[in-house]
Amino acid sequence: MDELALRGLGAIADPQSQAQAMQYFEQLKNSADGWKLCAQAYSTGAYHGNDHIRFFCLQVCEHYLRNRYQQADREEQNSMRAFLMGCLQLGNHEGAQEKSFIRNKVAQIVSLAFVTDYPVRWPTFFQDLLRTLNSGHQAVDMYLRILQAIDQEVVDREIIHSAEDSQRNTAIKDAMRESCVAQLADSWLQILTAYESSHPELACLCLDVVGKYVSWIDINLVANDRYVPVLLRFLEQPLLRESACDCIYEVLGKGMDPVVKTQLVESFFSVLESAGIVNPPEDEEGDFLAKLSKLICGVGIALIISWQKLSKSGDAANLSKTQSALEAKIPYMLRFLGDEDDDVSGAVGEFAQEYISMLKTVGTLSAAQRNHVEGMLYTVVKKMKYDDSYNFESEGEDEAMFMDYRKQMRVIFNNLAQLDSDLILVTVHNIVTQTLPQWESANFRDVEMAVTLLYSVAEAVPASHGQHFSGNPTKVSALQDMMRLLVSSRVSCHGHVIVQLQFFETVVRYDKFFLCEPQHIPDVLAAFLDKRGLRHPSPKVRSRCSYLFSRFVKSLKAHLQPYLEEVFGQLQDLLVLNPPAGTTANGQPHLLSDEDQLFLYETASMLVVSSTLPPPKKQELMKSLLAPIASKFEGLLNSLCAETDENRQIAYAHCIHNAMALASRASKGFSGSQTMNQCGCVEAFTELLRLFGMALDTPTQRSHIQTGVRQYLHRMVVCMDAEILPFIPPVLTHLLKHPDARELYDFLPLINQLVMKFKEAIIPFLSEILMPLVTTVFAVLMSPADERDQVAANDRKLLQRGYFLFLSTIVSNECINVFKTLEMSSVNQVLMSVVQGVVEVQDPQSQKCCFTILRKLTEAWGGGNDGIAGFPDFLYKNVVPACILAPLSPSFDLNDGQTSLALGECALCLKAILDKRGVELITYLQKEYLPTLNLSPEQTQEFCQALQTEQKTFKNYFKTFFQKAKS
């Protein structure tokens, strides 16, 4: 072997050596005899001290087995088989100290030979394998690993098998059932009894194998008088009991007749009960308890499945026996569900959920079942409480695991609510009314749980359209009692973060309560605005309250009028613009982040807009809201322009962008019913528009600044009417001074938005900006560029697509007559760019857009009366040829989805020309144009006839026509 290449296999090899080793690996894999070289090197022990090289050799053999062994001749099969048996002999002698990963790889390649050869080419596989067991415990270890590897290849349900592999696997299992599984089962029992004391790790490995195979072999080979006592004995041995639990779990999970399954479960469980296994002491070790809990879960699930099958079959006698057996297991489930260890509790969670699901189908519950349900409810409530060890300041992996566990318990809680909503309401009402009045002396865990349960009732006992305070009077009364107590108890003053957060979550979830009892609104507003909420010491609470307060205000804005000016006044210091990163205001860090402030600006704006104040007062308040931005913006801009340090430039640019984002967010307060004009607030926002326009000349951090201006303009187009139009030309002038493909592309949607909003009314404005914009787009697209610059190429493609979409927006929104205001040369320039987009641009999205433009122009001007002069000639000279030449282009892929859409639009364009020009088009096609394409008279006639059929028929023909032409 290539010793130099093999040096690259070690963990400390340099990258060059590793690359050389990988190249050698590929060479050996692809060589016809590469595996033989590796097999020889492994078998002779030449590299006995180097596990990296030995693993490398086995990998090459594995590749051969996976890819070429099935087609091998008899000689090669025999060679591989001899190598594999040699591997077993090498690893099986008592002095062998093979690493686990080497032994696993050997087992894997043996299993690959097995699935290819058994039962036809290697019918004696298991006899040969069983004979190796006499070589000692190393041989037993390898035997068990091989059986595990076979299970993974043949049975493992988590691996997706092809239909061919599934058929092969079924044949293998059938052959094994007929010939050897009884021998295998005997060998497992011998291994379990022989090695339980001397090598317990082998007994555990064997139990794992039994658990894997029991799902498809005869259950009587394991569930018998020889095996069961051994399994039960193992449950009392500390080193074996966890594996024994897993094995019994798999045995009980085997699919079988429901009556037989119930009998099997009961026979096992009675023995477990007699031995005291299922009643472990309180101080039992946690890992074993988790396994035991999983076993109890398996028992319960097995009985529930049997019950479900018997319910469908109508076997009343056995159904009753199975249900009695199941009900007898519920106390065990409750014991493990309530275990202090969450892993133990969680392991039986599926049993609890399935039992509740079963009870939903039963109808009227018995007294015992109602007791079980109550027991589950109180257990779940207890288990959902935070542990004393939970670290709220620095949540790590343990905390994340608890939150996942808590979600599992909440699912059980919700399922219980679906089963018995009255029980949930009564229980939660009792807990809340007992805990909240004495929250100051109670443990925070109990207080948090009481508030969380109140919060959870909303999803556990859902209401129609979210109306929890109408409908069922019992539920309404209970919820109102609890909400009244939540607010009046002043539990929001609790010192623990999690209690305060849950308080705010709950009052927002039940915002409709305050419509019924608005007298409680001031208390909640005060909590949001003081040190319990937006001024809380914890950033986490402040941040969450920023969002929740916005939801609270949005829901109750009509009821907040009496408190408007007071709330607005208290928010003022929180609305101050955050300084650039790395600086502080008055030596103190700001309470709220930029993202948090976005919510507050929207909230404050919403309060103003929804108020009953006269427009002048609204304008005054809105200016007050925006004052922190207006007063500091110019200074920030000057600082940015004067700054030379790049990091500080970025900080200033971010601050300026954030100022514009806050102003944009403030505009979210306006709606269709309360427009900016109606509220008298236009001036407050246009003042900022003038200021923001100044930022477009900033040479540094240009992209970041322009993004902010564009976002603000988009919002102003939504909120304003014609007041916005005078501000667009100056912005466009700034933009066109130093055009950039990406900036132009990002700006075009703003113009599209204006066109779609104002339609025909915007034509005078559009006529001013159209050609300067078009000219700039052409200049940018035609400017020299580095062909290797993929980013620049993509930006140009996007700009080209954006330009055509811009023209499409104009012709689709009653603005087509803007072209009549232009010089004829400009119109021709635009029209020819669209034709070029159809024929020359290799982008199906752009082509589709161009065909749409030509179709719309045809529909408007194709008749020749209302359009621009010479348009019908333009159709014949340019549009009709484009509709034929574009699909004939080699780059026009008729199998591509986007291109098919473009072709469909092309067909519609031709149909539109026919609709406007009639027989004249048919004559032109027959006598002038189609003959130039060397079409026969018959083909020409066929095309013209198809064009005159209905739209769908022609589109189908059109595609077939070009498929034939290009074949």
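Using this note's numbering, read the sequence shown as starting at 484 and increasing by one per residue. By construction, the Cβ of each residue, glycine as well, lies at the ideal position given by its N, Cα and C atoms.
What separation, rounded to the nearest whole angstrom, lies between the Cα atoms of residue i and residue j?
{"i": "residue 931", "j": "residue 985", "result": "7 Å"}
{"i": "residue 1134", "j": "residue 1192", "result": "17 Å"}
{"i": "residue 1452", "j": "residue 904", "result": "This structure gives no information on residue 1452, because the portion of the chain shown stretches from 484 to 1450."}
{"i": "residue 459", "j": "residue 637", "result": "No information on residue 459 is available, as it lies outside the stretch 484 to 1450 that the chain covers here."}
{"i": "residue 1035", "j": "residue 991", "result": "6 Å"}
{"i": "residue 1181", "j": "residue 1226", "result": "14 Å"}
{"i": "residue 1021", "j": "residue 629", "result": "57 Å"}
{"i": "residue 786", "j": "residue 707", "result": "20 Å"}
{"i": "residue 1382", "j": "residue 1370", "result": "9 Å"}
{"i": "residue 1176", "j": "residue 1051", "result": "28 Å"}
{"i": "residue 1455", "j": "residue 807", "result": "Since the first residue shown for the chain is 484 and the last is 1450, residue 1455 is missing from the structure and cannot be characterised."}
{"i": "residue 1196", "j": "residue 1179", "result": "13 Å"}
{"i": "residue 852", "j": "residue 798", "result": "22 Å"}
{"i": "residue 498", "j": "residue 701", "result": "53 Å"}
{"i": "residue 812", "j": "residue 894", "result": "21 Å"}
{"i": "residue 1345", "j": "residue 1405", "result": "15 Å"}
{"i": "residue 1251", "j": "residue 1173", "result": "20 Å"}
{"i": "residue 897", "j": "residue 957", "result": "19 Å"}
{"i": "residue 832", "j": "residue 939", "result": "19 Å"}
{"i": "residue 1189", "j": "residue 1169", "result": "17 Å"}
{"i": "residue 438", "j": "residue 1062", "result": "Missing from the structure shown is residue 438; the chain here goes from 484 to 1450 and no further."}
{"i": "residue 1237", "j": "residue 1445", "result": "39 Å"}
{"i": "residue 640", "j": "residue 649", "result": "11 Å"}
{"i": "residue 941", "j": "residue 1389", "result": "54 Å"}
{"i": "residue 545", "j": "residue 595", "result": "8 Å"}
{"i": "residue 625", "j": "residue 569", "result": "13 Å"}
{"i": "residue 916", "j": "residue 968", "result": "7 Å"}
{"i": "residue 514", "j": "residue 606", "result": "29 Å"}
With a threshold of 7 Å on Cβ separation, who are the neighbours of residue i within its own chain once the five nearest residues in sequence on each side are excluded?
{"i": "residue 1220", "result": "none"}
{"i": "residue 1166", "result": "1102"}
{"i": "residue 1069", "result": "For residue 1069, the predicted structure reports a pLDDT of 46, less than 50, and the residue's modelled location is therefore unreliable. A value from the coordinates is still provided. There are no such residues."}
{"i": "residue 1112", "result": "1060, 1142, 1145, 1146 and 1171"}
{"i": "residue 918", "result": "925, 929, 930 and 933"}
If you drop the 5 nearest sequence neighbours on each side, which residues of the same chain put their C-beta closer than 8 Å to that of residue i?
{"i": "residue 723", "result": "679, 683, 686, 687, 690 and 717"}
{"i": "residue 1279", "result": "1224, 1263, 1264 and 1268"}
{"i": "residue 1246", "result": "1298, 1300, 1301 and 1304"}
{"i": "residue 1004", "result": "997, 1039, 1042, 1043 and 1046"}
{"i": "residue 1352", "result": "1307"}
{"i": "residue 758", "result": "715, 718 and 719"}
{"i": "residue 1186", "result": "1225 and 1226"}
Once you ignore the five residues that flank residue i on each side, which residues in its own chain have a CB closer than 6 Å to its CB?
{"i": "residue 1400", "result": "none"}
{"i": "residue 928", "result": "868 and 869"}
{"i": "residue 634", "result": "695"}
Is the stretch 744-759 touching the stretch 720-730 in the sense that three or more CB pairs, one from each, lie closer than 8 Å? no
Runs of alpha helix (DSSP H) wholly within the stretch 844-905 (minimum 4 residues, chain order): 850-866 and 880-902
Three or more C-beta pairs under 8 Å: does that hold for the stretch 1376-1383 against the stretch 1421-1435? no
Which whole runs of the alpha helix (DSSP H) in the stretch 543-628 are 4 residues long or more, in chain order? 557-575, 583-600 and 608-614
Counting Cβ pairs, one atom from each stretch, are 3 or more of them under 8 Å apart for the stretch 1295-1305 and the stretch 1354-1365? no
For the stretch 709-753, list the alpha helix (DSSP H) runs that are entirely contained and at least 4 residues long, ordered along the chain. 710-717 and 724-735
Can you find at least 3 beta carbon pairs, one from the stretch 652-663 and one from the stretch 593-608, that sit closer than 8 Å? yes
My parser needs the alpha helix (DSSP H) runs of 4 or more residues fully inside the stretch 1332-1378; what are they? 1354-1357 and 1363-1371
Touching or not, the stretch 1333-1341 and the stretch 1285-1298, by the rule of three or more beta carbon pairs under 8 Å? yes
Completely contained alpha helix (DSSP H) runs for the stretch 752-804, where each covers 4 or more residues: 769-796
Measuring CB atoms only, is the stretch 643-658 touching the stretch 609-617, in the sense that at least three cross pairs come out at less than 8 Å? no
Inspect the CB distances between the stretch 1092-1099 and the stretch 1035-1048 and report whether three or more fall short of 8 Å. yes
At what residue ranges does the stretch 1073-1115 contain a whole run of the alpha helix (DSSP H), taking only runs of 4 or more? 1077-1093
Determine contact between the stretch 1009-1027 and the stretch 1074-1088, defined as no fewer than three beta-carbon pairs at a distance below 8 Å. yes
Let me know the alpha helix (DSSP H) ranges lying completely inside the stretch 500-534, each 4 residues or longer, listed in chain order. 517-526
Is the number of C-beta pairs between the stretch 732-741 and the stretch 768-787 that are closer than 8 Å three or more? yes
Curious, which full-length alpha helix (DSSP H) runs of at least 4 residues does the stretch 951-978 contain? 956-971
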